[in-house]
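**Q** Sharing a structure, written as structure tokens. Questions coming.
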Amino acid sequence: MSEPIRPAATVILTLRGHEGPQVLMGQRGAGAVFMPSKFVFPGGGIDPEDHTAPQRGWLAVDCARRLALLTPEDAPAPDVTVAAALRELREETGLRLSGPRQGGLRFVFRAITPPGRPRRFDARFLLADADDLDGDPEDFAAASGELSHLGWLPLAQARALDLPFVTEVVLAEVAALLAGGDQPGVPFFDNSGPTPQFRRLV
């Protein structure tokens with residue numbers, strides 16, 4: 006029997022460094038059931054508490070609309086996905102985004118974990134800028150410890166780490182966007198059915 010697919014949210018936080026853009030990443034524990042020892046962005050599954058405290062005002066109209074495309078009937082509302090993203094960022098890194106500011110979070114990628122994995126997620130990746138942080142972007146004192154080696158990495162250095170496949174693809178997409186590239190719809194790796202499909206949410 007296949008694992009159920011749990012909705013999830015991930016934050017790709019970017020910082021303008023002296024030598025180009027950087028992203029915030031950390032390493033999952035070696036004993037983690039899902040993606041052990043891999044470097045990832047802060048994120049995780051949507052919890053019941055996120056449904057009771059939706060975060061409004063963060064998304065541009067098009068982002069909110071695309072978040073709701075090709076979703077099951079019981080999928081969380083876009084503002085619930087945002088609540089989960091902000092909570093996971095706060096818990097795993099100790100960092101908070103100030104706001105809300107419309108467009109402060111941009112929906113840039115979605116991927117469903119393929120069958121046969123010990124955990125499966127329908128993950129939405131949201132891009133944010135460190136300029137919107139409430140506090141020092143280097144202050145991880147309040148982080149939960151779930152991610153080790155938290156730090157800001159230049160894109161090329163991040164892409165050389167031990168990454169999950171989907172994170173490699175997301176980083177390539179982010180690099181293109183930060184270089185001024187256009188995105189003709191949000192890429193969606195849809196592994197919900199027996200045959201993997203690549204879609205764009207437009």
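The working numbering applies: residue 6 is where the sequence shown begins, and numbers increase by one.
Yeah, the Cβ is synthetic: ideal placement off N, Cα and C, and Gly gets one too.
Since the structure is predicted, the reported quantities are computational estimates derived from the model, not experimental observations.
DSSP three-state call for THR19: helix, strand or coil?
**A** In the sequence shown, counting from the first residue as 1, residue 19 sits at position 14. In this structure, THR19 counts as strand in the three-state DSSP scheme.
**Q** Alpha carbon to alpha carbon, what distance is there between ILE117 and GLN202?
**A** Residue mapping note: residue 202 aligns to position 197 of the sequence shown, counting from 1. Residue mapping note: residue 117 aligns to position 112 of the sequence shown, counting from 1. The alpha-carbon atoms of GLN202 and ILE117 are separated by roughly 10 Å.
**Q** Would you mind reading off the limits of the alpha helix (DSSP H) that contains ASP67?
**A** Taking the first residue of the sequence shown as 1, we reach residue 67 at position 62. Counting along the chain, the alpha helix (DSSP H) containing ASP67 begins and ends at 66 to 72.
**Q** Rounded to the nearest angstrom, what separates ALA161 and GLY150 at their Cα positions?
**A** Counting from 1 along the sequence shown, the entry for residue 161 is found at position 156. Counting from 1 along the sequence shown, the entry for residue 150 is found at position 145. Cα to Cα, ALA161 sits roughly 25 Å from GLY150.
**Q** Since PRO83 and ALA69 are thought to touch, with beta carbons under 8 Å apart, how far apart are those beta carbons, to the nearest angstrom?
**A** As a position in the sequence shown, residue 83 is number 78, starting the count at 1. As a position in the sequence shown, residue 69 is number 64, starting the count at 1. Indeed, because the Cβ distance is near 4 Å, the residues count as touching under 8 Å.
**Q** Taking its Cβ as the centre, do 16 or more other Cβ atoms sit within 10 Å of ARG205, making it buried, or is it exposed?
**A** Sequence index remark: in the sequence shown, residue 205 carries index 200 (1-based). With fewer than 16 other Cβ atoms within 10 Å, it is exposed.
**Q** Considering Cα atoms alone, identify which of PHE44, THR15 and LEU20 is closest to LEU152.
**A** What you label residue 152 is simply residue 147 of the sequence shown in a count that begins at 1. Considering only alpha carbons, the answer is PHE44.
**Q** Can the beta-carbon of ARG71 be found less than 7 Å from the beta-carbon of PHE112?
**A** In the sequence shown, the residue the question calls residue 71 occupies position 66. In the sequence shown, the residue the question calls residue 112 occupies position 107. Yes, the pair counts as a contact, with Cβ atoms nearer than the cut-off.
**Q** With distances taken from CA atoms, which of PHE194, VAL16 and ALA163 is nearest PRO120?
**A** Counting from 1 along the sequence shown, the entry for residue 120 is found at position 115. When each option's Cα is compared against that of PRO120, the closest is PHE194.
**Q** On the CB-based measure, 16 or more other CB atoms within 10 Å of its CB, does ARG115 come out buried or exposed?
**A** One-based indexing of the sequence shown puts residue 115 at position 110. When all chains shown are included, ARG115 counts as buried.
**Q** Within its chain, find whatever has a CB closer than 8 Å to the CB of PRO41; leave out the 5 residues flanking it on each side and keep chain order.
**A** Within the sequence shown, numbered from 1, the residue matching residue 41 stands at position 36. Only ARG33, GLY34 and ALA35 meet the Cβ criterion.
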